[in-house]
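2 protein chains.
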Amino acid sequence: MEVDELIRVYRDGLLQDTLPFWIPRSIDHEFGGIFTALDRDGTILSTDKPVWIQGRFAWMLATMYSMVEQKQEWLDLSRHGVDFLQRNCFDANGRMFFSVTREGKPLRKRRYLFSEIFTVMAFAAYGCSSGDESFTQKALDLFKLILHYHSTPGLISPKTIAETRPMKGLAMPLSLILAAQELRKATNNPICTTVIDESISEIERDFVKPEFECVLENVGPKGEFYDTLDGRLVCPGHSIEAGWFILEEARHRNNEPRLIKLGTTIIDWSYKIGWDKEFGGILYFKDAKGLPPTEYWHDMKFWWPHNEAIIATLLAYKITKEPGFLELHARVHDWAYAHFPDDIHGEWFGYLHRDGSLSTPVKGTMWKGPFHLPRMQLYCWKLLENGPIV
Amino acid sequence: MEVDELIRVYRDGLLQDTLPFWIPRSIDHEFGGIFTALDRDGTILSTDKPVWIQGRFAWMLATMYSMVEQKQEWLDLSRHGVDFLQRNCFDANGRMFFSVTREGKPLRKRRYLFSEIFTVMAFAAYGCSSGDESFTQKALDLFKLILHYHSTPGLISPKTIAETRPMKGLAMPLSLILAAQELRKATNNPICTTVIDESISEIERDFVKPEFECVLENVGPKGEFYDTLDGRLVCPGHSIEAGWFILEEARHRNNEPRLIKLGTTIIDWSYKIGWDKEFGGILYFKDAKGLPPTEYWHDMKFWWPHNEAIIATLLAYKITKEPGFLELHARVHDWAYAHFPDDIHGEWFGYLHRDGSLSTPVKGTMWKGPFHLPRMQLYCWKLLENGPIV
């Protein structure tokens with residue numbers, strides 16, 4: 024595909040398809056925040072509000088405001104989101120809920136710190152775009168709270184009993200890089216680069232496993248490999264995402280060769296282990312030793328690993344000019360665009376069977392909202408236009 | 024199919040296929056208990072031990088000893104199981120873990136009481152079969168501890184914050200009926216019948232919804248319907264299981280008409296909402312209002328709902344003599360036997376895609392072990408032979 028044509032696909036997809044699907048129908052003007060559980064045509068399936076997605080969309084809108092156009096509607100809707108987060112999504116200790124009701128009453132709380140991560144992104148981007156530095160400060164304070172909870176033993180009870188089998192997950196260093204990269208756009212605080220450095224080192228040292236040519240989801244505190252179902256788990260979409268966050272950091276550091284090597288190696292391995300040679304598309308879970316995974320949806324095709332792989336391969340090509348990455352990009356782009364878009368009601372379906380057939384027609388859930396798809400569209404559009412992202 | 028032929032399928036399946044798959048290869052003679060994560064050919068995929076399945080298999084073996092043949096091996100292996108449960112699966116408060124390592128060190132603890140439920144069954148059945156009344160007493164004590172935790176507010180933290188949206192699940196009354204029915208075979212303590220009565224009333228009053236012709240998975244404390252993703256969730260396999268537990272109770276009470284009506288209505292509705300008209304088989308989740316479910320594996324075909332439906336329809340026919348139930352039985356039996364058995368290595372696959380193709384070839388996981396399939400084989404064999412079950 025020509026570059027101009029590809030820009031059109033991503034840009035028009037974002038501005039004329041994805042955003043108009045979510046705005047205005049997901050916006051709750053009565054109680055604030057957004058609805059995310061939307062049926063194929065946008066009908067609301069549930070008014071419960073997942074906190075992750077409140078933060079992700081507020082971040083997305085503020086980022087569009089700074090990168091695409093200073094459209095007041097986007098800034099106002101981003102503010103609508105951060106207001107709801109501030110007003111309704113924190114507990115008395117400054118930790119955040121996982122979901123709240125339409126009215127903003129707390130519904131579920133989980134031990135993990137991901138609601139906080141996405142709220143840091145939202146506050147930082149809104150602070151940046153609006154010029155309201157109090158949000159930058161709030162983002163920084165919340166980021167420090169995340170670091171405190173993450174680094175203090177006992178504050179977050181682990182999934183497996185630590186005395187028997189201490190474990191840590193890829194999700195946390197991955198999320199810390201993301202939040203720190205976004206926070207850095209709003210503040211010069213050196214904590215951002217320190218956390219990025221530490222998190223990339225941790226991924227490289229503990230999660231990247233050359234003996235399996237993959238990135239593991241769960242390891243021991245020092246990167247110990249556990250030969251169990253959890254210990255062998257690989258989530259290719261997740262590690263591809265880690266790969267492009269690292270490449271993004273390489274770009275930020277004048278194309279630092281060590282980071283380019285690390286990021287492209289991760290993308291290459293993850294694509295290889297995740298690509299479904301029989302049906303195409305990226306599988307959700309694989310086993311590092313090639314044994315059969317036992318997670319129920321291991322061979323389903325979710326929208327978001329495809330979004331992440333489209334970004335990652337395009338960025339890897341842009342940085343390295345290796346034609347192999349352009350081929351990987353074309354392959355995953357073509358498969359995704361042949362299977363995920365809804366030609367009738369717009370946006371993308373989220374959940375396909377292994378063979379690419381539809382598992383459910385919903386457009387949004389407690390997990391799927393306006394984030395991975397529009398981020399990909401924005402990112403790839405701007406990348407092809409040669410504009411800076413970081 | 025003729026009755027003799029059907030008996031042969033269930034009996035020989037149990038004695039010549041299912042049991043020989045699990046014994047001896049799942050037995051851990053070194054550390055006790057059983058391995059459950061087995062690959063298609065029985066190769067061990069992980070040595071972690073789920074506590075539910077330790078109890079379920081110990082129950083199964085003791086029950087075989089009393090119902091099939093007083094085979095010392097079965098009683099010894101049941102003892103091997105209850106010993107491991109006693110020695111390695113309890114915490115200092117008498118609560119139980121969800122999983123332990125091969126060596127029996129605690130690995131995960133969950134808030135729910137299902138490890139305790141299956142251990143009550145194991146202790147009761149072993150006590151009955153061995154004549155060792157100390158196990159009957161342990162089963163009774165543990166059952167009372169379950170009731171204490173279940174009925175005391177605050178002892179178990181709920182999934183959703185109770186002040187905002189108090190919720191209760193079908194799983195608990197369902198499990199209490201099962202545990203109490205098994206415990207009653209070992210002891211005359213009137214608590215068993217009291218709990219069974221209360222649990223059946225609770226299901227009938229709060230979970231059975233004539234307006235949707237289904238049984239809900241999650242409701243408010245007084246059976247309030249929540250129009251949310253969780254609130255509309257129906258798990259047909261689960262409610263079919265509830266249906267046959269209630270029919271079993273009807274049989275125990277000289278075919279009490281009220282219970283027969285309730286049990287057959289539940290089975291009828293659940294089969295209707297769960298049966299996949301396009302591909303056959305029983306879907307995992309449905310939405311009470313017919314909206315699209317959002318759980319990832321909602322349209323997969325798992326082995327166990329088919330085991331439960333085969334039992335339920337056969338029992339419903341046996342009690343009512345309505346030919347409709349025989350037709351339902353033949354339909355689900357035929358679909359299941361056409362798709363789940365592994366002709367090469369024996370036993371059943373557990374996880375199929377909606378269209379009946381294989382999702383993963385594993386025979387056991389942290390959830391699938393020797394329970395639903397052999398229970399169905401034993402139950403249906405004995406039911407067809409006219410032998411009493413309760």
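Residue numbers (my numbering), protein chains in the order written: chain A, 24 to 413; chain B, 24 to 413.
Backbone N, C-alpha and C fix where the C-beta goes; we use that ideal spot for every residue, glycine too.
All values reported here derive from a predicted model rather than from experimental measurement.
Outcome for residue i when other beta-carbon atoms lying within 10 angstroms are tallied against a minimum of 16
i	result
Asp366/B	exposed
Thr251/B	buried
Glu225/B	buried
Ser152/A	buried
Asp35/A	exposed
Pro213/B	exposed
Thr66/B	exposed
His171/A	exposed
Val105/B	buried
His52/A	exposed
Gly150/B	buried
Asp310/B	buried
Glu234/B	exposed
Val413/A	Residue placement at Val413/A is flagged as unreliable, the pLDDT there being 36, under the threshold of 50; the coordinate-derived value follows with that caveat. Under this definition Val413/A is an exposed residue.
Arg281/B	exposed
Glu19/B	There is no way to answer for residue 19/B, as the model of chain B reaches only from 24 to 413.
Arg188/B	buried
Delimiting residues of the beta strand (DSSP E) encompassing residue i
i	result
Thr383/A	381–383
Pro43/A	Not the beta strand (DSSP E): Pro43/A falls in the alpha helix (DSSP H), residues 42–45.
Arg125/A	Taken as a continuous stretch (DSSP letters only), Arg125/A belongs to no beta strand (DSSP E), as it is neither H nor E.
Val193/B	A small correction: the amino acid at residue 193/B is Leu; Val does not occupy that position in the sequence shown. Run containing Leu193/B: none; DSSP gives neither H nor E here.
Ser180/B	No beta strand (DSSP E) holds Ser180/B; DSSP gives it neither H nor E.
Ser138/A	That residue, Ser138/A, is in no beta strand (DSSP E); its alpha helix (DSSP H) goes 137–153.
Ile333/B	From DSSP, Ile333/B is part of no beta strand (DSSP E) but of the alpha helix (DSSP H) over 326–343.
Leu68/A	67–69
Of the residues the options, the one placed nearest residue i, counting alpha carbons only
i	options	result
Leu351/B	Gly254/B, Ala332/B, Tyr360/B, Glu139/B	Ala332/B
Tyr360/A	Ala339/A, Gly392/A, Asp27/A, Gln400/A	Gln400/A
Leu201/B	Gly177/B, Asn241/B, His261/B, Pro244/B	His261/B
Ser69/B	Ser122/B, Trp267/B, Ala162/B, Tyr402/B	Ser122/B
Thr142/A	Asp310/A, Thr287/A, Gly78/A, Glu370/A	Gly78/A
Arg302/A	Ser293/A, Gln204/A, Lys324/A	Contrary to the premise, residue 302/A reads as Phe rather than Arg in this sequence. Phe302/A has its Cα closest to that of Lys324/A, out of Ser293/A, Gln204/A, Lys324/A.
Ile57/A	Ser89/A, Thr336/A, Arg102/A, Glu272/A	Arg102/A
Tyr135/A	Lys161/A, Val91/A, Leu84/A, Ala194/A	Ala194/A
Leu37/A	Met87/A, Trp75/A, Asp71/A	Met87/A
Phe44/A	Phe372/A, Asp291/A, Leu381/A, Glu408/A	Phe372/A
Trp292/A	Trp82/A, Ser157/A, Arg354/A, Cys237/A	Cys237/A
Val218/A	Leu163/A, Ala335/A, Lys245/A	Leu163/A
Asn278/B	Thr343/B, Gln93/B, Asn330/B	Thr343/B
Arg255/A	Ser180/A, Lys208/A, Glu370/A, Ile296/A	Ile296/A
Ala115/A	Arg125/A, Lys132/A, Leu100/A	Lys132/A
Limits of the unbroken alpha helix (DSSP H) element including residue i
i	result
Leu407/A	395–407
Ser224/B	214–225
Ser293/A	280–297
Leu270/B	259–275
Ile30/A	26–35
Ile76/B	74–90
Ser49/B	Counting along the chain, Ser49/B falls outside any alpha helix (DSSP H), and DSSP gives it neither H nor E.
Pro346/B	346–362
Ala162/B	156–174
Asp106/B	95–111
* To do: Using a Cβ-Cβ cut-off of less than 8 Å, give me the residues of the region 37–49 of chain B that come near chain A, in sequence order.
  => Going along the region 37–49 of chain B in chain order, one finds no residue with a Cβ nearer than 8 Å to chain A.
Q: Would you list, in chain order, the members of the region 71–91 of chain A that have their beta-carbon closer than 9 Å to a beta-carbon of chain B?
A: Result list: Asp71.
Can you pull out the residues from the region 129–141 of chain B whose beta carbon lies closer than 8 Å to at least one beta carbon of chain A? Listed by position along the chain: Pro129, Leu130, Arg131, Lys132.
Touching or not, the region 172–192 of chain B and the region 110–117 of chain B, by the rule of three or more beta carbon pairs under 8 Å?
-> As far as the Cβ criterion goes, the region 172–192 of chain B does not touch the region 110–117 of chain B, which means the pair count is below three.
Check whether the region 384–396 of chain B and the region 388–402 of chain A are in contact - that is, three or more C-beta pairs closer than 8 Å. Contact between the region 384–396 of chain B and the region 388–402 of chain A is absent: fewer than three C-beta pairs spanning the two stretches fall below 8 Å.
- Task: Pair every Cβ in the region 294–307 of chain B with every Cβ in the region 366–382 of chain B, then say whether three or more of these pairs are closer than 8 Å.
- Result: Yes: at least three Cβ pairs fall under 8 Å.
| message | Is it the case that the region 279–298 of chain B contacts the region 334–341 of chain B, given that we only count it when at least three CB pairs across the two stretches are under 8 Å? | response | Yes, they touch.
Residues of the region 181–207 of chain A with Cβ closer than 7 Å to any Cβ of chain B, in chain order: Residues of the region 181–207 of chain A that bring their beta carbon within less than 7 Å of a beta carbon in chain B comprise Lys182, Thr183, Ile184, Thr187, Arg188, in sequence order.
Exercise for the section: Check each residue of the region 100–124 of chain B: if its Cβ is closer than 9 Å to any Cβ of chain A, include it; give the result in chain order. Expected result: Contact annotation: in the region 100–124 of chain B, residues whose CB is within less than 9 Å of a CB in chain A are Phe120, Ser122, Val123, Thr124.
Within 8 Å of chain B by C-beta, residues of the region 311–322 of chain A in sequence order:
Per Cβ criterion, the list reads Leu314, Pro315, Pro316, Thr317, Tyr319, Trp320, His321, Asp322.
Self-check item: Chain-ordered residues of the region 243–256 of chain B with a beta carbon less than 7 Å from chain A
Solution: Taking 7 Å as the Cβ-Cβ cut-off against chain A, the residues of the region 243–256 of chain B that qualify are Thr251, Leu252.
Hey, is the region 312–322 of chain B in contact with the region 263–283 of chain B, meaning 3+ C-beta pairs nearer than 8 Å?
They do not touch, by the three-pair rule.
Fill in: Interfacial residues, the region 55–70 of chain A to chain B, with Cβ spacing under 8 Å
Within the region 55–70 of chain A, the residues whose Cβ lies closer than 8 Å to some Cβ of chain B are Ala60, Asp62, Arg63, Leu68, Ser69, Thr70, listed in chain order.
What residues in the region 390–409 of chain A bring their beta carbon closer than 7 Å to a beta carbon of chain B? Residues of the region 390–409 of chain A with a Cβ closer than 7 Å to any Cβ of chain B: none.
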